[in-house]
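Asks: Next up is a structure, given as structure tokens.
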Amino acid sequence: MAPFNIGDRVTLAPARGGYEGFVTSILGGPGGKPLYLVQSPNSGDPNEGIALVAEADIAGGPGAVPVYGLGETVTLYDAGGIITAANGDDTYDVAVDWFPNQHLTLTRSHLAVPAWRLALENGG
């Protein structure tokens, strides 16, 4: 199997949980072989979450990353947001309203948010 990149959707081998997730980090491992930090969009589930695995522990991938549309409502960093631009490289611009239920609403733009980050926070 070929090496994986940050943002790739992969499936772990059954011995490592068998769940689908995204490569969120790549670390140096023993003998210079990479270790992949894989996070599931269902990480609140006790049977799925975050795993640090070797390439041999990945059973499949890379798979498709979700596509989001302009004006679509998403969650980003535990706050509600709206997709304001699709950049064409699997990244999106997102405007997030912080404190939307308070007397003060602060809107903050996040530019070039990777699709895999949005998938992790929106159930993938």
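Residue numbers (the numbering used here): 50 to 173.
The beta-carbon is built from N, C-alpha and C at its ideal position, and this holds for glycine as well.
1. Please list, in chain order, all residues of the same chain as Ser74 whose beta carbon is under 8 Å from its beta carbon, the five residues on each side excluded.
2. Would you mind working out which of Pro163, Gly110, Ala135 sits nearest Gly120, comparing C-alpha positions?
3. Pick helix, strand or coil for Asp106, following the three-state DSSP scheme.
4. May I ask you to report which of helix, strand or coil DSSP gives Glu170?
5. Should Gly27 go down as buried or exposed, given a rule of 16 or more other Cβ atoms within 10 Å for buried?
6. Comparing C-alpha positions only, which one of Pro83, Leu61, Leu167 sits nearest to Tyr126?
7. Taking 8 Å as the cut-off, decide whether the C-beta atoms of Asp138 and Leu160 are in contact.
8. In chain order, what residues of the same chain lie with their CB nearer than 6 Å to the CB of Gly78, ignoring the 5 residues before and after it?
9. Which of the three DSSP states, helix, strand or coil, is assigned to Gly112?
10. In or out: Val116 buried (at least 16 other Cβ within 10 Å) or exposed?
11. For Ala62, does the three-state DSSP call read helix, strand or coil?
12. What are the partner residues of Glu69, as DSSP defines its beta bridges?
Replies: Taking the definition as stated:
1. Ile55, Tyr85, Leu86
2. Ala135
3. helix
4. helix
5. Beyond the ends of the chain as shown, which are 50 and 173, falls residue 27; an answer cannot be given.
6. Leu167
7. no
8. Leu84
9. strand
10. exposed
11. coil
12. Thr60
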